[in-house]
Amino acid sequence: MGNSTTASGSSAPAAASGTTGTVRRATGRSKTARQAPRSASAAGSRASGSGHAERVFLVQTAFAELGGSAHGPGEIAEFTGLDDSVVYRILQSGIYQRIFERVDRGLYRLRTSAAQLAFTALDHRLDGATSQTVLRELRMATDGGLAFLYMVAPFSGAQRQCVDMAVGDSDLAELGMTPRDVLSVTRSLRTGASGRTILAYLPDVLQQRVLAEPVPEQAGPGVFRDNDALLRSLEEVRDLGHALGYEECMAGWNSCAAPIMWDGAIMGAVLLLKLKSEMPVVPDGVIEAAKEAAAEFSRYGAARPAADQP
């Protein structure tokens, strides 16, 4: 099959282990059904005597989990299990602290200053020299494959962006890769092994946004056009810890990708690309090399205990 993610003898990478328990399966459940376990968990925290600080974090997290542009206190209260009055007071206080903003009568959203916290948290996690070393090693281990580093786009949680590559002396234009490919086809999370790898670990609300998007016109013949088949492929990605792409983004190119996980969250994917004529079927050696490269990137972003802690 042209775009199966199945490969014999492979297992989920160490980078993704320990995270699959917190990642939901994409099963097409309703939004209410998806939220119920989270609300129950939040209510349980309140019953156990969680403090004001924990309630503030619950409200902040609700905005990320619910998705969408804005939410009212009632919706957030139902999602978190907190009282409406508690949520309202937190939102009002957050406005003065520049954490939330009121966008309409009774509707709030996170301020863009929240993004500044994220950028600060990511600072110094990975530098260009490090990423080049890992990608070049992947290229050597796969007999000259083209190695790419994709990360979740900073201004959209439902797209990807190529931030580094190791292609040797290859001219991407001569290989048939145009700027249009980079900016349209490879940006979508619907297409390619790296796109589906990232999509597999995103929250349901972001998955649904991607499923509602059209397949890029320039996508290859192996792209998943049926949403049910795409969702099944995401389950395979989580089960195996990698994705295989057969002419998904471009005709004549096959690929393998593995997830980069930082503190239990998907941050990007490593992609190994080779011509179909050179790699008609992705061998186990390429799969393991891609997963090891992704695990190396994951180790750079993993949380580490302070020196004075056990």
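Numbering-wise, the sequence shown is residues 1 to 310 according to the UniProt record's numbering. Where a beta carbon is used, it is the ideal one built from N, C-alpha and C, also for glycine.
Name the two residues that bound the continuous beta strand (DSSP E) containing residue i.
i, result
"Ser255", "253-262"
"Ala166", "160-166"
"Val215", "First-last for Val215: undefined, no H or E at that position."
"Ala243", "243-246"
"Arg109", "107-110"
Do residue j and residue i come within 8 Å of each other at the CB atom, strictly closer than that value?
i, j, result
"Val87", "Ile76", "yes"
"Trp253", "Leu275", "yes"
"Ala294", "Ile260", "yes"
"Ile90", "Arg55", "yes"
"Leu189", "Gly195", "yes"
"Val152", "Gly268", "yes"
"Tyr150", "Gln132", "no"
"Phe63", "His71", "yes"
"Leu199", "Asp164", "no"
"Thr191", "Ala243", "no"
"Ala257", "Ala212", "no"
"Leu58", "Leu82", "yes"
"Thr130", "Tyr246", "no"
"Arg225", "Val237", "no"
Would DSSP call residue i helix, strand or coil?
i, result
"Ala70", "coil"
"Tyr96", "helix"
"Met267", "strand"
"Met140", "helix"
"Arg187", "coil"
"Phe224", "coil"
"Tyr201", "coil"
"Arg102", "strand"
"Val152", "strand"
"Ala219", "coil"
"Leu82", "coil"
"Gln35", "Because the pLDDT of Gln35 is 42, which lies under 50, any placement of that residue in the model is unreliable, and the number read from its coordinates should be weighed accordingly. Residue state, collapsed to three classes: helix."
If I follow the unbroken alpha helix (DSSP H) through residue i, where does it start and stop?
i, result
"Tyr300", "284-301"
"Ala229", "227-240"
Taking all protein chains shown into account, do 16 or more other C-beta atoms lie within 10 angstroms of the C-beta of residue i, making it buried, or fewer, making it exposed?
i, result
"Glu288", "buried"
"Ser255", "buried"
"Ser298", "buried"
"Glu248", "buried"
"Pro13", "Below a pLDDT of 50, predicted positions are generally treated as unreliable, and Pro13, at 41, falls in that range; the measurement from the model is reported next regardless. Its Cβ being crowded by 16 or more others within 10 Å, Pro13 is buried."
"Gln159", "buried"
"Gly222", "buried"
"Arg105", "exposed"
"Thr112", "exposed"
"Asp84", "exposed"
"Val283", "For clarity, residue 283 is Pro in the given sequence; the question names Val instead. When all chains shown are included, Pro283 counts as exposed."
"Arg232", "exposed"
Is there at least one Cβ from chain C nearer than 8 Å to residue i's Cβ?
i, result
"Thr80", "This model lacks chain C altogether; it includes just one protein chain."
Given the structure, does residue i come close to the ligand COA, in the sense that its CB is under 7 Å from one of the ligand's heavy atoms?
i, result
"Ala141", "With respect to the ligand COA, the structure shown offers nothing to examine, as it has no ligands at all."
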